[in-house]
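Counting in UniProt numbering, the sequence shown runs from 1 upward without gaps.
Working notes, structure below.
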Amino acid sequence: MTNEATNVTTGQVRLSFVHLFQPHANQPGQEPKYSTTILIPKSDMATMQRINAAIEAAAQKGVAGIWNGARPPQLKTPIWDGDGVRQNGEPFGPECKGHWVLTASSKQQQAIVDLNMNPIINQTEVYSGMYARVNINFFPFSNSGNRGIGAGLGPVQKVADGEPLGGRVSAEQAFGGNGGGVGYAPAPAPQGWEQVPPQQGYGQQPAPQQGYGQALGAYGQPQQGYGQQPAQPPQIDPITGKPQNGGIWGI
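Here it is as structure tokens:
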């Protein structure tokens, strides 16, 4: 693992609006990026302590660099309170309750591995609703007078399957375990900082294949290996409350 002060690897988190195999653009003409929304349980205080420290380290870099010695009076960060409201004033979805909401992105595709550190090639194994550990690098930005902290997406390790988000059904939900009738049951859909308005949206991912446990495993350096992301139907952004074209900060 990196010793960089601005770099954090989370504990077990849940992923939503997953774009890890194919970059996604917010609007026509904007640069597509690989991205995911990260739901961090508020009970995981250790992860949030590391994130808070990384954000502060990134802020110090900004003061010494692109902010020219001046810290913004209210530091904008990519952290949102899932028990609060989106930018449009509407509540977050039920999957965000009890979580901190963070979105990270990257211009380059990042490694996606399983518990045994093997690259995940089958794209159906990576979807909104699964559980993972995510490496994030926080950085200062200054763009058209806006100054704050962004979140860059690093490698992702899947640690467990979860109930798919976005209304998609699993095979078990659709067909049951006894070959009976179809049962389509849709899956349910830090303090003191000014929140960064989102810039990029996300789409729904395929349902998972089985084979992942619920406990965290051993971790090491991820390996490369990617496939091509199939096109997915639109989904409501958990931060903006708008269809598909939601937002994030990240490079």
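Where is the CB? At the ideal position from N, CA and C, for every residue including glycine.
Item                                                                                                                            : Value
Uninterrupted beta strand (DSSP E) stretches inside the stretch 68-107 (no shorter than 3 residues)                             : 79-81 and 99-106
Lys61: first and last residue of the uninterrupted alpha helix (DSSP H) it sits in                                              : Met45 to Ala64
Candidates Tyr34, Asp44, Thr10 and Pro28: closest to His19 by CA position                                                       : Tyr34
Residues sharing a beta bridge with Tyr34, DSSP                                                                                 : Ser106
Spatially closest choice to Thr10 from Phe138, Arg147, Gly69 and Gln30, by CA coordinates                                       : Phe138
Integer-rounded CB distance, given that Thr36 should sit under 8 Å from Phe21                                                   : Between Thr36 and Phe21 the Cβ distance is about 11 Å, and since that is not below 8 Å, they are no contact.
As assigned by DSSP and simplified to three states, the class of Thr124                                                         : helix
Any non-hydrogen atom of the ligand HEM closer than 8 Å to Gly84 Cβ                                                             : Here there are no bound small molecules, and the ligand HEM is not part of this structure.
Ser144, DSSP secondary structure in three states                                                                                : coil
C-alpha distance - Ala160 paired with Met130, whole-angstrom precision                                                          : 6 Å
Inter-stretch contact (C-beta, 8 Å, three-pair minimum) for the stretch 114-131 and the stretch 70-85                           : no
Close-in-space but distant-in-sequence residues of the same chain around residue 276 (CB under 7 Å, 5 per side omitted)         : The requested residue 276 is not part of the displayed model; the chain covers only 1 to 251.
Whole-angstrom distance between Gln87 and Gly211, CA atom to CA atom                                                            : Per-residue confidence for Gly211 stands at a pLDDT of 44, beneath the threshold of 50, marking its modelled position as unreliable; the derived number appears in the next sentence. Between Gly211 and Gln87, the C-alpha separation is close to 37 Å.
Boundaries (first-last residue) of the beta strand (DSSP E) holding Pro23                                                       : Val13 to His24
Distance between beta carbons of Ile40 and Val8, contact taken as under 8 Å                                                     : Not quite, the Cβ-Cβ distance comes to about 10 Å (not below 8 Å), so this is no contact.
Local Cβ density within 10 Å of Ile38, reported as buried at 16 or more and exposed below that                                  : buried
Closest residue to Ala111 among Gly62, Gly89, Val101 and Ile136 (Cα-Cα distance)                                                : Ile136
Asn116 in three-state terms, based on DSSP                                                                                      : coil
DSSP-derived helix/strand/coil call for Pro155                                                                                  : strand
DSSP three-state assignment for Ala185, whether helix, strand or coil                                                           : With a pLDDT of 46 at Ala185, under the threshold of 50, the modelled position of that residue is not reliable, and the figure given next carries that caveat. Reduced to three states, the DSSP call for Ala185 is coil.
Contacts around Glu4, its chain only, beta-carbon distance under 6 Å, and the 5 residues preceding and following it disregarded : none
Between the CA atoms of Glu163 and Leu15 - distance to the nearest angstrom                                                     : 11 Å
Residue from Ser128, Gly145 and Asn143 with nearest C-alpha to Leu165                                                           : Ser128
Rounded straight-line distance, which links the Cα of Val126 to that of Gln157                                                  : 10 Å
Spatial neighbours of Lys61 in its chain, beta-carbon cut-off 6 Å, leaving aside the 5 residues before and after                : Pro140
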